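Just so we're aligned: the sequence shown equals residues 1 to 424 in the numbering used here. What follows is a set of notes on a single structure, which appears directly below.
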Amino acid sequence: MKSILRYCLKICSRIILWKYKPKIISITGSVGKTSTKEAIFAVLSSEYNVRKSEKNYNNEIGLPLAILGLESPGKNIFGWLAAFFKAWKMIIFKVLFPEILILEMGADRPGDIGYFTSFIKSDVAAVTALGEIPVHVEFYSGPEEVAREKAKLVASLNARGAAILNYDDIAVLAMKEKTSAKIITYGFGQGADLRATDIRFNEEKSGKIELNFKLNYAGKVVPIWLPNILAKHQIYASLSAVACGIIFGMNLVKISEALKEFRPPQGRMNLIKGNKNTRIIDDTYNASPDSMAAALEVLGELKGKRKIAVLSDMLELGKYSVEAHQAIGNKALKVSDIIITVGERAKFIAYEARSLKPEIKVLEFSTSEEVGKELEKIIESGDLILVKGSQGMRMEKIVEEIMAEPEKAKDLLVRQEEFWKMKN
């Protein structure tokens, strides 16, 4: 049944794309895809009619739904019939369709990107970062095969297209050899086409945080202010968005203004008020070694009476799992006063932290449900708490337990839909 559904969605998408001919920006990478999508949308939607893929619509079912602008009916057969009826109306009649589509392409398994590029011809390919141990590497022979899969998106571009590549990630930068399309690189390193320098955090007494940096491009320097951004690594998303703005003819001043509207989605480095006058860094959407290390860096940079790191298993790392969790333990002890781990794999975080710094307070739990009430007893006024973990560990439940305004959970936290609430 799923294969029939997949085939029908593919055919509808192919016809719709042929009929309306939108410009397509496709984003892939192991971390930062959704933040990059949001940043690009913030920039381009200020000038164009743009549609972005919603939620986690980045797989063989979700991506066609994003193209069609439809919600997933789940297991509701009548909902699917209604969805296909809407799709055929778009095919038969002329409707207002976006000028630009911004699509997220996941690659959980080998062949995923190849499948997408068989019916989606991208005009722009943006590749975020892979890191040393990419997420989903468990399903590949190793990091090199993950890189080859992601590179298929860049290779699918024609000579009139453009590839936006992370200059600071060696595997991503190497993808420039796979295409004759225009290349724009971005990053912090000397040599990037779009380079961020002079990065500053402004942390006010009220607790509000603002990040700003200087954008260097083609001999010009433009200040960029990101009033809704906590993390240095989210600058990569804004640089990718600048590249898209340039490709679509926007000037740097307009791009800079538009980026002030860039907000990360729920569960991606959001600062939330916690109980007892604490602050929570909510990064509960998902976790990879690179994203967890980046979140810990932010924990170290921001102010807090005590720093508490609540970290769970990083899933789908296969044979690299032990090594990756131990490396996180090493990083966590350098920026944390208290470390709390959740899950079997995260025990290696705890073990490494204790081994290297026996005096540090480390607590271990099996599930996220166990943590909330215990954490409530531990926290004190002025504490800064990072909550970070893989999607399957449901770490947002911890944030909901200790947030000052749980009635706002539906607006502030990830995975608040009924589908997720019914899951364990």
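Note that CB positions come from ideal geometry on N, CA and C, so glycine has one too. Predicted model, so just to flag it, every value in this text is computed and none were measured.
Using the three-state DSSP reduction, which class does residue i fall into: helix, strand or coil?
| i | result |
| --- | --- |
| Ser312 | strand |
| Ile11 | helix |
| Ile379 | coil |
| Ile77 | helix |
| Lys94 | coil |
| Tyr320 | helix |
| Ile120 | coil |
| Thr36 | helix |
| Met422 | coil |
| Glu104 | strand |
| Asp198 | strand |
| Val414 | coil |
| Phe262 | coil |
| Ile133 | coil |
| Pro223 | strand |
| Met175 | helix |
| Met403 | strand |
Hey, would you say residue i sits closer than 8 Å to residue j, going by beta carbons?
| i | j | result |
| --- | --- | --- |
| Lys33 | Glu104 | yes |
| Met395 | Ile280 | no |
| Val43 | Met269 | no |
| Ile247 | Val124 | yes |
| Ile379 | Lys276 | yes |
| Glu47 | Gly318 | no |
| Ile170 | Ala126 | no |
| Lys150 | Ala107 | yes |
| Ser288 | Pro134 | yes |
| Glu297 | Lys232 | yes |
| Val387 | Asp283 | yes |
| Glu60 | Tyr20 | no |
| Leu413 | Gly189 | no |
| Lys220 | Leu271 | no |
On the criterion of 16 or more Cβ atoms from any shown chain inside 10 Å, does residue i qualify as buried, or is it exposed?
| i | result |
| --- | --- |
| Ser238 | buried |
| Asn166 | buried |
| Phe93 | exposed |
| Arg438 | Absent from the model: residue 438. The displayed extent of the chain is 1 to 424, so no value can be given. |
| Ala129 | buried |
| Tyr285 | buried |
| Arg292 | Note on identity: in this sequence residue 292 is Met, with Arg being the wrong assignment. By the 10 Å Cβ count, Met292 comes out buried. |
| Asn58 | buried |
| Pro264 | buried |
| Met1 | exposed |
| Met422 | exposed |
| Thr425 | The structure shown does not extend to residue 425, since the chain spans only 1 to 424, so no value can be given for it. |
| Phe41 | buried |
| Ser35 | buried |
Given residue i, which residues of its chain have a CB within under 7 Å of its CB, disregarding the five upstream and five downstream residues?
| i | result |
| --- | --- |
| Thr117 | Lys152, Leu153, Ser156 |
| Leu315 | Ser390, Gly392 |
| Pro22 | Phe97, Pro98, Glu99, Ile100, Leu101 |
| Ser13 | Pro64, Ile67, Leu68, Phe119 |
| Asp411 | none |
| Glu369 | Lys397 |
| Ala332 | Leu296, Ala309, Leu311, Ile339, Ile349, Ala353 |
For chain E, find out if any of its Cβ atoms is closer than 8 Å to the Cβ of residue i; answer yes or no.
| i | result |
| --- | --- |
| Val371 | Of the protein chains in the structure, only one exists, and it is not chain E. |
Closest by CA to residue i, which one among the options?
| i | options | result |
| --- | --- | --- |
| Leu226 | Lys220, Glu261, Asp198 | Glu261 |
| Ser366 | Val298, Ser35, Glu374 | Glu374 |
| Gly131 | Ile120, Glu145, Ser122 | Glu145 |
| Ala243 | Ala218, Pro264, Gln266 | Ala218 |
| Glu203 | Gly187, Thr179, Leu215, Asn228 | Asn228 |
| Ile15 | Ser180, Thr36, Met90 | Met90 |
| Ala309 | Val342, Asn49, Ile27 | Val342 |
| Ser25 | Ser240, Asp313, Thr197, Glu210 | At residue 25 the sequence reads Ile, which differs from the Ser that was named. Comparing Cα positions, the closest option is Ser240. |
| Ile398 | Lys37, Leu311, Lys331, Lys347 | Leu311 |
| Leu194 | Ala159, Leu211, Ile235, Ala174 | Ile235 |
| Val335 | Lys361, Leu81, Glu400 | Lys361 |
| Asn330 | Leu317, Ile349, Val322 | Ile349 |
| Ile67 | Val387, Leu271, Lys220, Leu9 | Leu9 |
| Leu70 | Arg354, Ala83, Ile61 | Ala83 |
| Gly304 | Asp290, Ala332, Asp337, Ala294 | Asp337 |
| Pro143 | Lys75, Ser30, Ala39, Glu177 | Ser30 |
| Ile77 | Ser381, Ser35, Ile113, Ile4 | Ile4 |
| Glu177 | Lys52, Arg148, Glu38, Ala353 | Arg148 |
| Glu257 | Ile27, Arg6, Thr28, Ala39 | Ala39 |
| Leu426 | Leu302, Ser180, Gly161 | Since the first residue shown for the chain is 1 and the last is 424, residue 426 is missing from the structure and cannot be characterised. |
Take residue i and list the residues in its own chain whose beta-carbon comes closer than 8 Å to its own, dropping the five residues that flank it on each side.
| i | result |
| --- | --- |
| Gly191 | Tyr167, Thr185 |
| Glu401 | Val371, Gly372, Lys373, Leu375, Glu376 |
| Leu173 | Leu165, Asn166, Tyr167, Thr185 |
| Phe419 | Gly74 |
| Gly111 | Glu149 |
Counting only the same chain and skipping the five closest in sequence on each side, list residues whose C-beta sits under 6 Å from that of residue i.
| i | result |
| --- | --- |
| Leu363 | Ile340 |
| Leu215 | Val222, Ile224 |
| Lys273 | Ala404 |
| Arg345 | Asp313, Ser321, His325 |
| Ile328 | Met292, Ile349 |
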